[in-house]
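Below is one structure, written out as structure tokens, with a few remarks after it.
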Amino acid sequence: MKMDVELVHSPVVGLAEEEEVDMTDWNLPLAFMKKRHTEKIEGSKALAQSWRMKDRMKTVSVALVLCLNVGVDPPDVVKTSPCAKLECWIDPLSTSPQKALETIGANLQKQYENWQPRARYKQSLDPTVDEVKKLCTSLRRNAKEERVLFHYNGHGVPRPTVNGEIWVFNKNYTQYIPLSIYDLQTWMGSPSIFVYDCSNAGIIVKSFKQFALQREQELEVAAINPNHPLVQMPLPPSMKNCIQLAACEASELLPMNPDLPADLFTSCLTTPIKIALRWFCMQKGAKLVPGVTLDLIENFLPWLAVLLHGVLPHLRCSDENQDHLHPSRIPGRLNDRRTPLGELNWIFTAITDTIAWNVLPRDLFQKLFRQDLLVASLFRNFLLAERIMRSYNCTPFSSPRLPPTYMHAMWQAWDLAVDICLSQLPTIIEEGTAFRVSMTDTASV
1 MKMDVELVHS
11 PVVGLAEEEE
21 VDMTDWNLPL
31 AFMKKRHTEK
41 IEGSKALAQS
51 WRMKDRMKTV
61 SVALVLCLNV
71 GVDPPDVVKT
81 SPCAKLECWI
91 DPLSTSPQKA
101 LETIGANLQK
111 QYENWQPRAR
121 YKQSLDPTVD
131 EVKKLCTSLR
141 RNAKEERVLF
151 HYNGHGVPRP
161 TVNGEIWVFN
171 KNYTQYIPLS
181 IYDLQTWMGS
191 PSIFVYDCSN
201 AGIIVKSFKQ
211 FALQREQELE
221 VAAINPNHPL
231 VQMPLPPSMK
241 NCIQLAACEA
251 SELLPMNPDL
261 PADLFTSCLT
271 TPIKIALRWF
281 CMQKGAKLVP
291 GVTLDLIENF
301 LPWLAVLLHG
311 VLPHLRCSDE
321 NQDHLHPSRI
331 PGRLNDRRTP
341 LGELNWIFTA
351 ITDTIAWNVL
361 PRDLFQKLFR
371 QDLLVASLFR
381 NFLLAERIMR
391 SYNCTPFSSP
401 RLPPTYMHAM
411 WQAWDLAVDI
421 CLSQLPTIIE
431 EGTAFRVSMT
441 DTASV
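In case it helps, full-length UniProt numbering puts the sequence shown at residues 1 to 445.
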């Protein structure tokens with residue numbers, strides 16, 4: 001009896017039983033065993049295309065043309081009182097006109113350098129026609145086949161004309177002198193990108209297209225008629241590869257809200273995070289922390305910048321600190337995500353890229369957002385300009401024209417990110433706590 005019990009519990013017997021069960025399973029009939037899909041499988045005949053850009057380009061030269069004539073309002077502009085006055089975040093009336101003009105020009109160059117530090121920058125402050133011609137032809141000659149940017153601020157001159165002219169000055173600054181867009185096209189050549197920050201900027205874009213069409217027609221006529229005068233002359237540049245960014249439509253004026261900078265369009269294009277925070281605090285919508293106001297941001301950001309650089313929390317923003325920390329500077333660096341500026345810029349880039357990818361045709365997205373680093377940055381910031389300026393009855397637009405994006409649902413994600421970032425200000429200021437970025441430690445490794 002004892003021997004039988006040991007035999008039952010023997011591991012050898014147990015193993016034999018398991019093998020028998022396995023053999024039984026193998027002998028069971030199986031379903032779906034017949035061969036299927038015996039016909040030849042052919043793939044799609046569509047041509048495979050790589051998503052990577054092959055024809056990359058650089059904006060190697062930038063012309064900054066400022067026609068401000070500080071202290072003198074153009075005759076066709078009636079300003080409100082009070083009125084927007086900041087140019088590149090500088091009050092032009094806070095110092096002498098010449099010094100203000102030079103400071104504004106230097107600030108504009110620094111703002112562009114944040115997006116393309118390796119480009120060649122040339123300023124032309126309150127220029128004449130000859131000075132603009134010399135500047136543009138020089139930059140085009142040095143750029144060769146690369147892109148050149150032309151930034152025009154016309155806040156101190158009359159509005160563009162329906163004949164396709166913008167305004168500059170004579171040598172003595174006693175007259176406004178018209179500058180033809182046709183001539184500007186000739187000097188700038190192609191490829192180029194143009195930024196127009198002035199009222200009725202849409203007139204310039206319309207005239208630009210008309211002159212570009214005129215050039216194409218002249219080329220066609222010259223190709224047919226060998227005796228045409230153009231045959232003996234250098235071929236005019238084609239304007240097909242030119243990009244334009246205009247602050248408003250042909251019938252619109254720039255916003256004059258005193259809480260906004262006068263160059264609101266330029267601010268959106270070159271300092272998007274700063275103007276986005278300012279505009280966000282001006283909105284009446286609910287926020288996570290209603291106590292975060294525009295004054296709080298303007299007055300305490302210098303102290304916040306000191307805290308982020310490791311200075312003792314009890315240090316206040318004294319007059320000495322004001323000298324090297326601008327009172328409206330957003331703390332941090334664009335490429336350092338551990339700071340508020342870097343964090344918001346990282347989120348802003350992701351959101352605007354998502355919006356563009358979602359609404360633009362693939363070819364247009366690749367051209368504007370992947371071909372050229374500076375152009376991509378300007379168009380991301382242009383989406384913000386459309387959102388902000390439309391709230392003041394001003395419609396920025398571009399050529400090639402983009403579909404409206406100011407109501408895209410992804411802007412709600414941006415508002416939340418700004419709200420979360422600003423909600424930390426009171427505790428950082430009052431308690432000296434560190435800024436919390438949205439990424440975790442593991443994600444940052």
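We treat Cβ as the ideally placed atom computed from N, Cα and C, and that holds for glycine.
Note that the coordinates shown come from a computational prediction; the quantities given were computed from them, not determined experimentally.
Check	Outcome
Count the other CB atoms within 10 Å of the CB of S94; is the residue buried (16 or more) or exposed (fewer)?	exposed
Assuming contact is defined by CB atoms lying nearer than 8 Å, are D126 and L101 in contact in what I supplied?	yes
Go to R120, then tell me how far its beta strand (DSSP E) extends in each direction, as first and last residue.	120–125
Roughly how many angstroms separate the alpha carbons of W89 and Q210, rounded to a whole number?	35 Å
Would you tell me roughly how many angstroms separate the C-alpha atoms of Q109 and K45, rounded to the nearest one?	50 Å
Between the alpha carbons of G310 and A84, how many angstroms are there, rounded?	Any answer about G310 is weak, because its pLDDT of 39 lies below 50 and its placement is not dependable; what the coordinates show is given next. About 36 Å.
How far does the beta strand (DSSP E) with L149 in it reach, from first residue to last?	147–153
DSSP puts S192 in a beta bridge; with which residues?	V148
Check for me: the alpha helix (DSSP H) holding W267 runs from which residue to which?	First, the amino acid is wrong: residue 267 is Ser here, not Trp. Where S267 is concerned, the enclosing alpha helix (DSSP H) stretches over 264–270.
From the DSSP output, which residues share a beta bridge with E87?	I90
So, are the CB atoms of D263 and H155 less than 8 Å apart?	yes
For L312, which residues of its own chain have a beta-carbon under 6 Å away from its beta-carbon, when the five flanking residues on both sides are left out?	Low per-residue confidence applies at L312: pLDDT is 29, beneath 50, and the placement is therefore not dependable, though the value from the model is reported in the following sentence. No residues qualify anywhere along the chain.
Could you tell me the distance, in whole angstroms, from the CA atom of A212 to the CA atom of S238?	7 Å
Helix, strand or coil, according to DSSP, for E249 in the structure here?	coil
Between T128, T38, L402, which has its C-alpha nearest N69's C-alpha?	T128
For the ligand MG, is there any heavy atom lying closer than 7 Å to the beta carbon of I90?	The ligand MG is not part of this structure, which contains no ligands at all.
If we count the other Cβ atoms within 10 Å of its Cβ and call it buried at 16 or more, is S251 buried or exposed?	exposed
Tell me where the alpha helix (DSSP H) around residue 450 begins and ends.	There is simply no residue 450 to check, as the chain begins at 1 and stops at 445 in what is shown.
Would you kindly work out how many angstroms separate the C-alpha atoms of T427 and T349, rounded to a whole number?	27 Å
Between the C-alpha atoms of T161 and M389, what's the straight-line distance to the nearest angstrom?	23 Å
Count the other C-beta atoms from every protein chain shown that fall within 10 angstroms of the C-beta of T266, then say buried if there are 16 or more, exposed otherwise.	buried
Please state if the CB of V62 and the CB of A119 are separated by a distance shorter than 8 Å.	yes
Given a threshold of 16 other Cβ atoms within 10 Å of its Cβ, counted over all protein chains shown, does L30 qualify as buried or as exposed?	exposed
Could you give the distance in angstroms between the alpha-carbon of D419 and the alpha-carbon of H408?	18 Å
Return the CA-CA distance between Q111 and L277, expressed in angstroms with no decimal places.	17 Å
Label D363 either buried or exposed according to how many other C-beta atoms from any shown protein chain fall within 10 Å of its C-beta, with 16 as the threshold for buried.	exposed
State the start and end residues of the unbroken beta strand (DSSP E) segment that holds E165.	165–169
Assign Q424 to one of three DSSP states: helix, strand, or coil.	coil
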